[in-house]
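Chemist:
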Amino acid sequence: QDLARETLASEPWNFRGMVARLSELFDAGAVTMLLKEQEELRLSASTDPLLGEKELVIYRSGDGLTGHVFQSGKAVRLRNTKDREEVFRLTGLRREGPHFSERDQEGSPTVQFLGVPMRFGNKVVGVLRMSRRKGVAQFTRADERALQFFADALGAAVAPARDLLLKKSILD
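Residue numbering for the sequence shown follows this note's numbering, starting at 35 and increasing by one per position.
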């Protein structure tokens, strides 16, 4: 809760600092936050400096693992995103590869995945995801619960403020 409060206490919101801090807290190789704009998820912040550098990072409902979290409103935790059987068993997706691959701070590709919806009431307002490379400790159920708690607190804070900003920009 403190991290969510710190992130939203300053203008503009410090989402880059927040994902960096989450990366430290969860020992994650990469942490990315995507927020809903209209009916799509768009990149808001990531610890991967190359993500979004060459192309816009946009997910529609159901697109890949992140789009699945967005559509279902449920967390997804995978040991290996390259294991097609695991991906299919847990999500029902027949996945060929990532829509937008992430790398950790050393530039190594990540294969573990933990994605949770950012919720405000019964609406998904974003997705918070983290990844780790192969060969390091796996994400646990406790990691999933802690990240979901944080994402819900952040979603509850972000959604009303974003709605207000959008209404204000429409009126201006």
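Quick reminder that beta carbons are idealized off the backbone N, C-alpha and C, glycines included.
#1: What did DSSP end up calling Gln-182 once you bin it into helix, strand or coil?
#2: State the CB to CB distance for the pair Gly-63 and Thr-144, rounded to an integer number of angstroms; the pair is presumed to be in contact (CB under 8 Å).
#3: To the nearest angstrom, report how far apart Ser-57 and Glu-136 are at their CA atoms.
#4: If contact is defined by three or more beta carbon pairs under 8 Å, each pair taking one atom from either stretch, is the segment 111-120 in contact with the segment 68-85?
#5: I'd like to know whether the C-beta atoms of Ser-165 and Phe-184 end up nearer to each other than 7 Å.
#6: For a test of the three-state rule: what should DSSP assign to Val-192, helix, strand or coil?
#7: Based on the DSSP secondary-structure assignment, which residues constitute the bridge partners of Lys-70?
#8: Between the Cα of Ala-176 and the Cα atoms of Leu-59, Ala-191, His-102 and Ser-78, which residue gives the shortest distance?
#9: Which two residues bound the contiguous alpha helix (DSSP H) that contains Phe-49?
#10: Quick check on this structure: which residue in Leu-75, Asn-48, Glu-89 and Ala-54 has the alpha carbon closest to the alpha carbon of Pro-151?
#11: Could you tell me how far apart the beta carbons of Arg-167 and Ser-142 are, in whole angstroms, since I believe they sit closer than 8 Å?
#12: Which residue from Thr-174, Val-159, Val-121 and Glu-140 puts its Cα closest to that of Arg-94?
#13: What distance in whole Å lies between the Cβ atoms of Leu-127 and His-102, which are believed to be in contact at a cut-off of 8 Å?
#14: Beta-carbon within less than 8 Å of Phe-122's beta-carbon, same chain only, minus the 5 sequence neighbours each way: which residues are those?
#15: When you compare each of Gly-98, Gly-155, Thr-174 and Thr-66 to Ala-191 by their alpha carbons, which one comes out closest?
#16: In the segment 73-118, which residue ranges form an unbroken beta strand (DSSP E) of at least 3 residues, counting only runs that do not cross its ends?
Modeler: Let me spell this out:
#1: helix
#2: 5 Å
#3: 13 Å
#4: no
#5: no
#6: helix
#7: Leu-75
#8: Leu-59
#9: 49-60
#10: Leu-75
#11: 5 Å
#12: Val-159
#13: 6 Å
#14: Arg-128 and Arg-129
#15: Gly-155
#16: 74-80, 92-94 and 110-112
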